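Engineer: Below you'll find the structure I mean.
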Amino acid sequence: MTDAYKANDVVDNTPGKLVVSGPSRILGDGVFGGEEVVWLIRLPSADAKKPTRTKDYVAAPTYTVLTEFMDALADNHLYVLKLAPDPKLSMTDEVRLQACSSDSERQKQQKKLDLRDKRFAAIRPLLFDEAAKAFAAIPDVLADPEMGGALKKQAEELGVSLSTLYKWRHRYWAQGSQKNALLDNYDKCGNPGQPKEQRVKLGRSTRAFKAGLSSSRGFALSEGDKRKLAFGYSLITHSLSPRDAYLLTCSIFWAEHVLDAQGNTVPKLFEKALRPTFQQFKRWGRKLSGKTVTEILFGPKKWRQSTKSNGGSEQDSIVAVGQQAQFDGTSSDVYLASYVSRLKKLPPMTRLMLKESRTGIIYGLYCGWKHPSPSTALHAILHGAMECKVAWAARFGIDIPPGSIPGLLARTHLADNGELKAEQITEAEEQFGFGVTYTPTFSGDRKGSIETQHHKDHAHLDKHLPGATHGKPKARGQEHAALGALWNYYEYMRELIRYIVWHNTVEEVPDLAPDDMLLAEPRIAPTRINTFNWLTKQRMNRAVPVDYQALRAFTLPDVNVVIRKNGIYIEAKVHGKMQALPRLRYTSAELVATGLLDKVKQTGKVIHTRMKMSHEDLSEAWLPTKAGMIRVATSARDLTILSKLTLEEWVLYLESEALRRDLAQGATEQTEAETLLGRMATTAAATAEAKAELEKLPNPPAKKKLTSNLDQNRKEELELLDRQEAALNQVEEAAKDESPSDPSAQEEWSASDDVMSAFHADAVA
85 MTDAYKANDV VDNTPGKLVV SGPSRILGDG VFGGEEVVWL IRLPSADAKK
135 PTRTKDYVAA PTYTVLTEFM DALADNHLYV LKLAPDPKLS MTDEVRLQAC
185 SSDSERQKQQ KKLDLRDKRF AAIRPLLFDE AAKAFAAIPD VLADPEMGGA
235 LKKQAEELGV SLSTLYKWRH RYWAQGSQKN ALLDNYDKCG NPGQPKEQRV
285 KLGRSTRAFK AGLSSSRGFA LSEGDKRKLA FGYSLITHSL SPRDAYLLTC
335 SIFWAEHVLD AQGNTVPKLF EKALRPTFQQ FKRWGRKLSG KTVTEILFGP
385 KKWRQSTKSN GGSEQDSIVA VGQQAQFDGT SSDVYLASYV SRLKKLPPMT
435 RLMLKESRTG IIYGLYCGWK HPSPSTALHA ILHGAMECKV AWAARFGIDI
485 PPGSIPGLLA RTHLADNGEL KAEQITEAEE QFGFGVTYTP TFSGDRKGSI
535 ETQHHKDHAH LDKHLPGATH GKPKARGQEH AALGALWNYY EYMRELIRYI
585 VWHNTVEEVP DLAPDDMLLA EPRIAPTRIN TFNWLTKQRM NRAVPVDYQA
635 LRAFTLPDVN VVIRKNGIYI EAKVHGKMQA LPRLRYTSAE LVATGLLDKV
685 KQTGKVIHTR MKMSHEDLSE AWLPTKAGMI RVATSARDLT ILSKLTLEEW
735 VLYLESEALR RDLAQGATEQ TEAETLLGRM ATTAAATAEA KAELEKLPNP
785 PAKKKLTSNL DQNRKEELEL LDRQEAALNQ VEEAAKDESP SDPSAQEEWS
835 ASDDVMSAFH ADAVA
C-alpha cells in the first residue's frame with residue numbers, strides 16, 4: 085500500500101475516463117501471475133431496467149497491474165472517493181434489537197441476525213488463516229490455487245450452491261469486510277416506492293368467502309382505483325367523517341347512476357365484491373396521501389406540534405447572553421379591584437414579557453390594561469433596557485437587590501406575528517440596531533421557552549391570587565371570577581416583581597449554567613442571574629449598546645397635554661369631553677428655561693401639544709423640544725396617585741367624581757338658591773330701613789355728605805361694636821350664674837335680649 089491509496093478505499097473514474105467498470109473497492113495488492121497487481125471489487129450497482137433498485141449480486145474481484153493503477157491515479161484518470169460510512173453496517177446487534185418497538189418485531193430481527201451469522205460461518209473458514217489465528221489477506225486468498233476446490237467442498241457440506249457461497253463472499257468484501265454486509269435486504273425488495281400490481285385482493289379472505297357464501301375474495305385494486313380512494317380520502321374533514329367520505333367515494337366511482345321517479349339521479353352501489361371495502365379505503369387513502377385521519381383533522385401545524393421533534397434545544401444555537409430574547413404576551417388571568425374602591429372590579433391585564441434565551445432571565449415587562457400593540461411592545465423593550473430597576477420596583481413598595489432584574493437590549497427578538505410586526509417596530513430596529521425574527525403563524529412551539537414561561541407564571545403566581553380565572557371561561561352555574569377580586573394594581577405588581585426576582589435570583593437551573601461555572605470552587609449557585617453575570621464577566625454578552633434616554637423618547641406612548649403659565653397639564657377625555665386632569669401638573673427647571681411658560685403668560689394663550697409618558701408611572705414625563713427631550717416631574721405631595729394609580733385609573737376616578745357631582749347637583753342648587761334668596765331678603769330689609777330713616781329727615785343728605793366722613797363713621801362704628809360686645813359679655817356672665825334648670829333663666833334671657841334691642845335703638849338714635 086502507498087500514500088496514494090490504502091485497502092478498503094473506493095476509487096472511480098474521472099469524467100471521460102474508463103479505467104474501472106464503476107465505483108470499486110480496493111481489496112489490496114499482491115503478486116499474481118508473476119506481476120504486482122491491485123485487486124478491486126465493484127460495489128453493488130443499480131439495476132439497468134430499474135435504476136431505483138440496487139442489485140443484490142456483486143461481481144467477482146478483478147485485478148489491475150499495479151504500475152498502470154498508480155499511473156491512472158497520478159494522471160487523474162482515477163480518484164479516491166470520500167464515502168460516508170453506512171451506519172447500518174456498524175450497528176451492533178444490541179442496538180438493532182433495542183430499536184424494535186414490539187416483541188414480534190424483535191423476534192423477526194433476531195431471525196435475521198441468526199441468518200447473517202449462519203452465512204458468515206459458511207465463508208469464515210475460507211477466509212481465516214488458522215496458522216496465523218487471523219483473517220488472511222484478501223490478495224493471498226484470491227491468489228490461492230486451491231481456493232476453488234475449497235469453495236466447492238464447503239458448498240457441498242453446507243448443502244448450498246457454489247454461486248451462493250461466492251455471492252456471500254463477494255458481498256462481504258464489497259462492503260468493507262463487515263459481517264453485517266451479509267444481512268438480507270428484504271426491506272428493499274420489490275423496488276421501494278413501486279407497489280406490486282394486484283391480481284387478487286390483498287389481505288385475509290372475507291368471512292363470506294370462507295363460508296362459501298361468496299365466490300370472490302374481494303375487490304382487487306388497480307392503480308387507478310387506488311388514486312380514486314386517495315381522492316375520496318382527501319375529502320375527510322370535521323364535518324365529513326371517514327365513513328361518509330368512503331360512501332361518497334363509492335357512490336361516485338363504484339355505483340350505477342339511475343333516475344328515480346322524481347327524475348333525480350340516484351347512485352346504486354355495486355355489490356361488495358365489485359367495489360373496495362372501507363378497510364381498503366382507509367389503508368390506501370392513508371398510504372397514498374401520507375396522512376392519518378387524525379393528522380388530517382389536526383391540520384399540518386397542530387399535527388407537527390403534537391408529533392414531530394427536531395431533537396434539539398433552543399440552547400443549541402445560543403452561546404452568549406443578549407444574543408437572542410423571546411417576546412410574547414398573555415393575559416394575567418386575574419381580576420383586580422380599583423384602588424379607589426375594592427368593590428369596583430377590573431378585568432385581567434395584558435402582560436408582555438421579555439425572556440433572555442441563554443440564561444432564561446426575565447428582564448423586560450409590560451403589565452397594564454392597554455391592549456397588545458406595537459406601543460406596549462416597545463414599552464416592554466424600553467423597560468428591559470432600563471439598566472437599574474431598583475427605583476421602578478420602589479414605586480410599588482418593594483426593595484429589590486441591585487442587578488436582580490438586569491437591563492439589556494437583545495440583539496435579536498424572537499416573536500410571533502403580533503405586537504412586534506408593525507412599521508413602528510421596523511423603524512425602531514433601524515434606529516437602535518436590534519432585530520426581530522418572526523415564527524410562522526400558529527407555531528407557538530417555535531418559541532416554546534416563553535410559552536412554557538407563561539404556564540409557569542400562572543401556576544406559581546396568578547392561580548394563587550383572589551379573582552383568578554385559572555385560564556378558563558366562566559361555566560354555567562359558576563360564580564364570576566371577578567366577584568373574588570380583592571387586590572389592586574399596586575398590590576399585584578408588587579407580588580409580580582417578587583416572583584420575577586425569585587425566578588432570576590433564587591431558583592437554581594444547573595442545566596443552563598456553563599460547566600466551568602458548575603465546577604468552580606467555591607461553589608457558585610447555578611441561578612439564572614449568576615449564570616448571566618458569569619457569562620458577562622467572560623465577555624460573552626452580545627447585547628446591543630443603547631442610549632436609554634433616546635430609546636425612552638422613542639418608545640414611550642404620547643399623551644395630549646396643555647402648557648399653561650404654571651406648568652404642563654395632561655389632557656384626557658372624561659365622559660367624552662377633553663379636559664385638563666387635576667393634580668397632574670408637570671414642570672422642571674429645564675422647562676422654565678425654554679421660555680414656554682413665559683410665552684403663555686405674555687400671550688394669554690395656552691399651547692396644546694404632546695409629550696412622552698408611561699401610563700403606569702405618572703411621576704415623570706418627557707417633553708420633546710427643539711433642544712431635545714426635557715424631563716418634567718409633578719408634585720411629590722400626591723404620592724398615592726403617582727405610585728399606586730395608572731392614568732386610566734385616575735381618569736376613572738375623575739369620571740366617578742363627575743357622576744357623584746351630577747347626582748348631588750339638586751342639593752347643591754337648593755343650597756345656592758337658599759343663599760341667594762337670603763341675601764336678597766337681607767338687602768330688601770336694609771333698603772326699607774334706609775328709606776324709613778330718609779323719610780324722617782327734613783331734607784335728604786347730599787351724596788357727598790354721606791361719603792365725606794368715612795373715617796369718623798368707622799371710629800364710631802367700632803365704639804358701638806365694643807359697647808355691644810361688652811353688653812353681651814355681661815349678659816353671658818349673668819346667664820352662667822343662673823341655674824340652667826331655673827325657669828327664670830329663660831325669662832332673664834328674654835330680658836337681656838330686650839336690653840340689647842334697646843341698646844341698639846339708642847345707638848341708632
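Our numbering applies: residue 85 is where the sequence shown begins, and numbers increase by one. Just so you know, even glycine gets a beta-carbon here, dropped at the ideal spot from N, CA and C. Keep in mind that this is a model prediction, so the values were computed, not measured.
Return the residue from the list P666, D722, E700 that minimises the CA-CA distance to M577.
Structural biologist: M577 has its Cα closest to that of E700, out of P666, D722, E700.
Engineer: Whose CA, out of H497, M470, I482, lies closest to the CA of P490?
Structural biologist: If we check each option's Cα against that of P490, M470 comes out closest.
Engineer: When burial is assigned at 16 or more other CB atoms within 10 Å of the CB, is E281 buried or exposed?
Structural biologist: exposed
Engineer: What's the call for T718, buried or exposed, on a 16-neighbour Cβ count within 10 Å?
Structural biologist: buried
Engineer: What residue does the beta strand (DSSP E) around S415 start on, and which one ends it?
Structural biologist: 409-415
Engineer: Would the stretch 532-544 and the stretch 506-519 be scored as touching if the rule is three or more Cβ pairs under 8 angstroms?
Structural biologist: no
Engineer: Could you say which of S459, A221, D417, F516 lies nearest to G502 if we only look at CA atoms?
Structural biologist: S459
Engineer: Identify the continuous alpha helix (DSSP H) that holds I613 and give its terminal residues.
Structural biologist: 612-621
Engineer: Given a threshold of 16 other Cβ atoms within 10 Å of its Cβ, counted over all protein chains shown, does G452 qualify as buried or as exposed?
Structural biologist: By the neighbour-count rule (16 or more Cβ atoms within 10 Å), G452 is buried.
Engineer: Can you tell me the Cα-Cα spacing of L246 and F354, whole angstroms?
Structural biologist: 55 angstroms
Engineer: Under 6 angstroms Cβ to Cβ from W338, same chain only, skipping five residues before and after it: list those, please.
Structural biologist: F354, R359
Engineer: DSSP on G347, reduced to helix/strand/coil?
Structural biologist: coil
Engineer: Under 6 angstroms Cβ to Cβ from V418, same chain only, skipping five residues before and after it: list those, please.
Structural biologist: P432, D546, L549, G551, A552
Engineer: In terms of DSSP beta bridges, what is P486 paired with?
Structural biologist: The secondary-structure analysis by DSSP pairs P486 with nothing; it has no beta-bridge partner.
Engineer: Along the chain, where does the alpha helix (DSSP H) that runs through G502 open and close?
Structural biologist: Bounds of any alpha helix (DSSP H) do not take in G502, whose DSSP letter is neither H nor E.
Engineer: Can the beta-carbon of I484 be found less than 8 angstroms from the beta-carbon of I613?
Structural biologist: no
Engineer: For the putative contact between L635 and F480, defined by C-beta atoms under 8 angstroms, what is the C-beta separation to the nearest angstrom?
Structural biologist: Between L635 and F480, the beta carbon gap of about 23 angstroms keeps them out of contact (Cβ cut-off 8 angstroms).
Engineer: CB T290 to CB L313, shorter than 8 angstroms?
Structural biologist: no
Engineer: Give me the DSSP bridge partner(s) of S628.
Structural biologist: At residue 628 the sequence reads Val, which differs from the Ser that was named. DSSP, once it has assigned bridges, lists no residue as partnering V628.
Engineer: Report the rounded CA-to-CA distance for F843 versus E773, giving the unit in angstroms.
Structural biologist: Legend: pLDDT at F843 = 49, less than 50; position of this residue unreliable, value from coordinates given subsequently. F843 and E773: Cα-Cα distance of roughly 17 angstroms.
Engineer: Quick check on the DSSP output: the beta strand (DSSP E) that includes H692 runs from which residue to which?
Structural biologist: 691-696
Engineer: Looking at the secondary structure, which residues open and close the beta strand (DSSP E) in which C30 lies?
Structural biologist: The structure shown does not extend to residue 30, since the chain is modelled only from 85 to 849, so the question has no answer here.
Engineer: Find out if the Cβ-Cβ distance for the pair N625, S488 is shorter than 8 angstroms.
Structural biologist: no
Engineer: Would you check if the distance between the CB atom of M713 and the CB atom of A637 is smaller than 8 angstroms?
Structural biologist: yes
Engineer: Of the residues L726, L181, A206, L127, which one's Cα is nearest the Cα of A478?
Structural biologist: Considering only alpha carbons, the answer is L726.
Engineer: Does DSSP put A304 in a helix, a strand or coil?
Structural biologist: Shown here, A304 sits in coil according to DSSP, grouped into three states, outside any helix or strand.
Engineer: Going by the beta-carbon positions, is the gap between G651 and T671 smaller than 8 angstroms?
Structural biologist: yes
Engineer: Could you tell me which residues DSSP puts in a beta bridge with Y653?
Structural biologist: V646, R669
Engineer: Can you grab the Cα-Cα spacing for the pair L111 / S299, in whole Å?
Structural biologist: Cα to Cα, L111 sits roughly 59 angstroms from S299.
Engineer: Measuring alpha carbon to alpha carbon, tell me which of E119, C472, T496 ends up nearest I402.
Structural biologist: Measuring from the Cα of I402, the nearest candidate turns out to be T496.
Engineer: Helix, strand or coil: how does DSSP classify E832 here?
Structural biologist: Here the model assigns E832 a pLDDT of 47, short of 50, so the residue's position is not dependable, and the following value carries that caveat. Assignment of E832 by DSSP, reduced to helix, strand and coil, places it in the helix class.
Engineer: Mark V95 as exposed unless 16 or more other C-beta atoms lie within 10 angstroms of its C-beta, in which case mark it buried.
Structural biologist: buried
Engineer: Spell out the partners DSSP gives N97 in its beta bridges.
Structural biologist: The partner list for N97 (beta bridge, DSSP) reads L162.
Engineer: Where DSSP assigns a beta bridge to F116, which residues make up the other side?
Structural biologist: E119
Engineer: Return the CA-CA distance between S261 and S105, expressed in angstroms with no decimal places.
Structural biologist: 21 angstroms
Engineer: What are the start and end residues of the beta strand (DSSP E) that includes E507?
Structural biologist: Looking at the DSSP string, E507 is not in any beta strand (DSSP E); the run it does join, the alpha helix (DSSP H), is 507-516.
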